[in-house]
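Have a look at the structure below before the remarks.
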Amino acid sequence: MRTRDLERWDPEDDLAWRRGDSRVAWRNLALSVLSEHIGFSVWSLWSVLVLFMSPAIGLGFTPSQKFLLVVVPTLVGAALRLPYSWAVTRFGGRTWTVFASAVLLVPALAAFVFVQRPGTPLWVFLLIGAATGLGGGNFASSMTNITAFFPQRYQGRALGLNAGGGNLGVAAVQLIGLLVISTAGAGHPAYVIAVYLPLIVLASLLAALGMDNLPKSRVRADRGAQGEALRAADTWWISLLYVGTFGSFIGYGFAFGLVLQTQFGSTPLQAAGLTFLGPLLGSFARPFGGWLADRRGGARVTCWTFAAMAGGTLVLLAASARHSLGLFLGGFAVLFVLSGIGNGSTYKLIPAAFAARAERAVLEGRPAAAEFARARRLSGAVIGIAGAIGALGGVAVNLVFRASYGHPGGGGEGAFWSFLGFYALCLLITRAVYLRPAGQPALAARRVERDRVRG
Numbered sequence: 407m408r409t410r411d412l413e414r415w416d417p418e419d420d421l422a423w424r425r426g427d428s429r430v431a432w433r434n435l436a437l438s439v440l441s442e443h444i445g446f447s448v449w450s451l452w453s454v455l456v457l458f459m460s461p462a463i464g465l466g467f468t469p470s471q472k473f474l475l476v477v478v479p480t481l482v483g484a485a486l487r488l489p490y491s492w493a494v495t496r497f498g499g500r501t502w503t504v505f506a507s508a509v510l511l512v513p514a515l516a517a518f519v520f521v522q523r524p525g526t527p528l529w530v531f532l533l534i535g536a537a538t539g540l541g542g543g544n545f546a547s548s549m550t551n552i553t554a555f556f557p558q559r560y561q562g563r564a565l566g567l568n569a570g571g572g573n574l575g576v577a578a579v580q581l582i583g584l585l586v587i588s589t590a591g592a593g594h595p596a597y598v599i600a601v602y603l604p605l606i607v608l609a610s611l612l613a614a615l616g617m618d619n620l621p622k623s624r625v626r627a628d629r630g631a632q633g634e635a636l637r638a639a640d641t642w643w644i645s646l647l648y649v650g651t652f653g654s655f656i657g658y659g660f661a662f663g664l665v666l667q668t669q670f671g672s673t674p675l676q677a678a679g680l681t682f683l684g685p686l687l688g689s690f691a692r693p694f695g696g697w698l699a700d701r702r703g704g705a706r707v708t709c710w711t712f713a714a715m716a717g718g719t720l721v722l723l724a725a726s727a728r729h730s731l732g733l734f735l736g737g738f739a740v741l742f743v744l745s746g747i748g749n750g751s752t753y754k755l756i757p758a759a760f761a762a763r764a765e766r767a768v769l770e771g772r773p774a775a776a777e778f779a780r781a782r783r784l785s786g787a788v789i790g791i792a793g794a795i796g797a798l799g800g801v802a803v804n805l806v807f808r809a810s811y812g813h814p815g816g817g818g819e820g821a822f823w824s825f826l827g828f829y830a831l832c833l834l835i836t837r838a839v840y841l842r843p844a845g846q847p848a849l850a851a852r853r854v855e856r857d858r859v860r861g
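Heads up, the final residue of the sequence shown is numbered 861 in my numbering, and it's a clean run with no missing numbers.
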């Protein structure tokens with residue numbers, strides 16, 4: 407099968423899948439993970455660059471200004487997720503991945519130039535930070551594209567690998583920042599960016615040479631589902647829960663180094679030596695959260711997760727009161743792991759909730775095949791919507807930190823009390839909406855759908 411444009415594609419055709427379609431799908435997944443991984447790294451680039459910014463290199467911004475520098479790319483990346491998920495249906499997975507990868511050269515080159523110019527005003531960096539938000543949109547287009555390559559029975563595994571590989575980009579760029587600071591010192595932020603310039607070119611070339619465009623009819627099948635999904639209450643409940651899980655992951659990942667510098671006076675080397683651990687733990691925990699949700703149910707695992715995240719936030723409050731760095735790091739490590747688990751379990755709520763809706767419709771006498779097909783279409787649309795809204799949680803986390811630390815003598819206690827209240831709200835919503843007796847048909851519906859697909 408030739409690369410570039412596929413004339414026909416039906417992942418549910420078992421014979422074609424065994425004869426070679428599976429190799430095409432996994433090849434596209436591998437290249438998609440590479441592109442998304444670099445996109446996440448560029449998106450979170452400013453979480454590292456702000457650690458270098460000091461009067462010593464002519465970039466003496468205040469903590470409040472630095473928090474603003476990590477808020478802007480988070481906001482832009484969240485806003486771009488819905489248009490990016492649509493763009494891949496319009497232009498094709500290969501074409502859009504090449505563009506989405508190559509365009510990252512613009513903010514990377516701009517950052518490379520201006521971080522080496524002492525006295526560069528804040529507004530210039532804010533514009534560059536907004537452009538790095540392009541990397542945050544890659545997640546949505548990548549997930550939309552990869553969903554269409556795989557049959558239903560393999561989509562959970564494929565999407566988990568795609569999302570986890572992308573999330574690791576946050577830890578990767580922070581590890582590179584650590585290597586630069588530990589070897590060259592805290593005066594060379596451009597070295598971090600220099601690592602990614604050839605990687606962006608490589609990802610773009612590999613996508614051009616090795617990926618495929620699916621038939622537009624195949625990818626566009628879900629385009630009309632977004633409007634219908636927006637009218638469903640489950641879309642908004644799950645999106646709010648994803649604000650609590652993914653929003654915490656990406657928000658803490660972007661802000662952690664700055665929090666250590668502001669609250670404990672950590673040096674750039676000390677902060678960089680710790681910041682990558684949280685995103686790394688959270689990325690590896692995400693597939694485990696999906697697996698655990700398969701065994702115990704997405705609603706139950708999500709409920710446990712928010713209860714534990716509230717406990718982790720109480721640890722942060724105790725650490726702040728005692729000014730204990732060790733306890734503080736332990737609390738944040740727990741929150742990163744739990745946010746990763748919650749990312750996986752919350753996404754598992756999506757097919758369960760819409761399968762339950764389909765089951766109720768079938769019990770009312772509607773055609774089973776049509777209702778379960780509709781449930782799959784809506785589930786795919788909600789993945790994109792929840793991903794976009796969830797990323798806005800990262801904006802909220804950084805804005806709350808900015809308000810908490812932004813005044814002289816300010817500490818993190820106000821931010822942590824806010825997070826505690828939100829996790830308690832998410833816990834109550836999960837229990838009320840997805841663990842109430844009326845919600846239990848979702849478990850049976852998942853089994854019905856699984857047996858129908860396999861049979």
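Cβ coordinates follow ideal geometry from the N, Cα and C atoms, glycine included.
It should be emphasised that the depicted structure is a prediction, and the values quoted were computed from it without experimental measurement.
Here's the rule I'm using: 16 or more other beta-carbon atoms within 10 Å means buried, otherwise exposed. How should residue i be labelled?
i, result
"S441", "buried"
"S588", "exposed"
"W502", "buried"
"R425", "exposed"
"A727", "exposed"
"R500", "buried"
"G748", "buried"
"S548", "buried"
"L608", "exposed"
"R701", "exposed"
"T468", "exposed"
"A776", "exposed"
"A639", "exposed"
"L720", "exposed"
Among the residues of its own chain, which have a CB less than 6 Å from the CB of residue i, if the five just before and after it don't count?
i, result
"G659", "V576, P685"
"G812", "S470"
"A627", "Any reading at A627 must be qualified, since the residue scores a pLDDT of 44, below 50, and its modelled position is unreliable; the value itself is stated next. Excluding positions up to five away in sequence, the list is empty."
"F712", "Y829, C832, L833"
"S745", "T651, S654, F655, G688"
"L605", "I444"
"G820", "S810"
Looking at the unbroken alpha helix (DSSP H) that takes in residue i, where does it start and where does it end?
i, result
"A596", "596-616"
"S785", "774-811"
"E819", "819-835"
"R429", "428-449"
"I534", "528-538"
"R728", "704-728"
"S507", "499-508"
"F655", "639-670"
"V512", "511-520"
"V862", "Only positions 407 to 861 of the chain appear in this structure, which leaves residue 862 out of reach."
"T681", "674-681"
"L636", "631-636"
Can you name, in chain order, every residue of its own chain whose Cβ lies under 7 Å from the Cβ of residue i, other than the five neighbours on each side?
i, result
"A590", "Y597"
"A866", "Nothing can be reported for residue 866, as the shown portion of the chain is limited to 407 through 861."
"L805", "V477"
Give the C-beta separation of residue i and residue j to the nearest angstrom, bearing in mind that I take them to be a contact with Cβ-Cβ under 8 Å.
i, j, result
"A546", "S491", "4 Å"
"A592", "P674", "4 Å"
"S751", "L698", "7 Å"
"A677", "Q667", "5 Å"
"G570", "F446", "About 11 Å; that fails the 8 Å criterion."
"F682", "Q580", "4 Å"
"V883", "T641", "Any question about residue 883 goes unanswered here, given that the chain covers just 407 to 861."
"I599", "P524", "Contact flag wrong, Cβ pair sits at about 17 Å."
"A536", "V482", "5 Å"
Say yes only if the C-beta of residue i is nearer than 7 Å to one or more non-hydrogen atoms of the ligand NAD, and no if none qualify.
i, result
"G732", "As presented, the structure is devoid of all ligands, the ligand NAD included, so that no description of it is given."
Can you find the residues in the same chain that come closer than 8 Å, C-beta to C-beta, to residue i, ignoring five residues on each side of it along the sequence?
i, result
"H443", "G571, G572, L574, G575, A578"
"G817", "Q669, S726, S810, Y811"
Quick check: the segment 782-801 against the segment 630-649, are at least 3 beta-carbon pairs closer than 8 Å? yes
Assess, as a yes-or-no matter, whether the segment 450-458 is touched by the segment 514-527 under the definition of 3 or more beta carbon pairs within less than 8 Å. yes
Using 8 Å as the cut-off, can you tell me whether the segment 425-436 makes contact with the segment 779-786, which would need three or more C-beta pairs spanning the two stretches below that distance? no
Does the segment 765-778 come close enough to the segment 713-733 that 3 or more CB-CB pairs lie under 8 Å? no
If contact is defined by three or more beta carbon pairs under 8 Å, each pair taking one atom from either stretch, is the segment 522-540 in contact with the segment 478-487? yes
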